[in-house]
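Just so you know, the sequence shown maps onto residues 184 to 315 in my numbering.
For every residue, glycine included, the Cβ atom is placed at its ideal position computed from N, Cα and C.
This one's a predicted model, so the numbers in the text were calculated from it and none came from an experiment.
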Amino acid sequence: MANVITYGTFDLFHIGHLRLLQRAKALGGENGTLTVVVSSDRFNWVEKHKKCAIPDLQRAEIVGALKCVDKVLFENSWEQKRQDVIDNKIDIFVMGEDWKGKFDFLKDLCEVVYLPRTPDISSTELKEQLQG
Ligand code: C2G
Numbered sequence: 184m185a186n187v188i189t190y191g192t193f194d195l196f197h198i199g200h201l202r203l204l205q206r207a208k209a210l211g212g213e214n215g216t217l218t219v220v221v222s223s224d225r226f227n228w229v230e231k232h233k234k235c236a237i238p239d240l241q242r243a244e245i246v247g248a249l250k251c252v253d254k255v256l257f258e259n260s261w262e263q264k265r266q267d268v269i270d271n272k273i274d275i276f277v278m279g280e281d282w283k284g285k286f287d288f289l290k291d292l293c294e295v296v297y298l299p300r301t302p303d304i305s306s307t308e309l310k311e312q313l314q315g
């Protein structure tokens, strides 16, 4: 049993997001928990220069409704991860491999796992397709 955490925007929620969350939860094993930290609109715009199609409250509600998700928090800064891991007694920090190495600074607090991304889908590509 392990407490798992992961972070993301989860805009235009798609199968790549779902598979990441399901695999993250599975890492927690029997009776494990998954906390998902959803990037706020402000954080996305100011820090990632990404304008979301879906507002943060709705993105959080969608993620929170998933069977594999136990808790949803908001991501408002790059610096909050250490405190989130401590406050939520996290054993495993999970991100897609596009972030490989970026969060190794958490390895003194918890296990850090980078999972393969689901190929051929991203929120950015979906937006480009929708714009025609
Ligand atoms: N992901 C995936 N496969 C895809 C697309 C995304 O596995 N085809 C994963 C990403 O690697 C990430 C998670 O799904 O772990 C959420 O992806 P985004 O919503 O794009 O999140 P991002 O903008 O990368 O924000 O502080 C960390 C950031 O908040 C991560």
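- The three-state secondary structure of Thr307, taken from DSSP, is helix.
- In chain order, Ile198, Gly199, Arg202 and Leu203 place their CB closer than 8 angstroms to the CB of Thr301, counting only its own chain and leaving out the 5 sequence neighbours on each side.
- Annotation for Gly247: no beta strand (DSSP E) segment contains it, though the alpha helix (DSSP H) segment containing it runs Asp239 to Gly247.
- Between the region 277-291 and the region 237-248, the count of Cβ pairs shorter than 8 angstroms is below three; the stretches do not touch.
- Checking the DSSP bridge columns, you'll see Ser222 partnered with Glu258.
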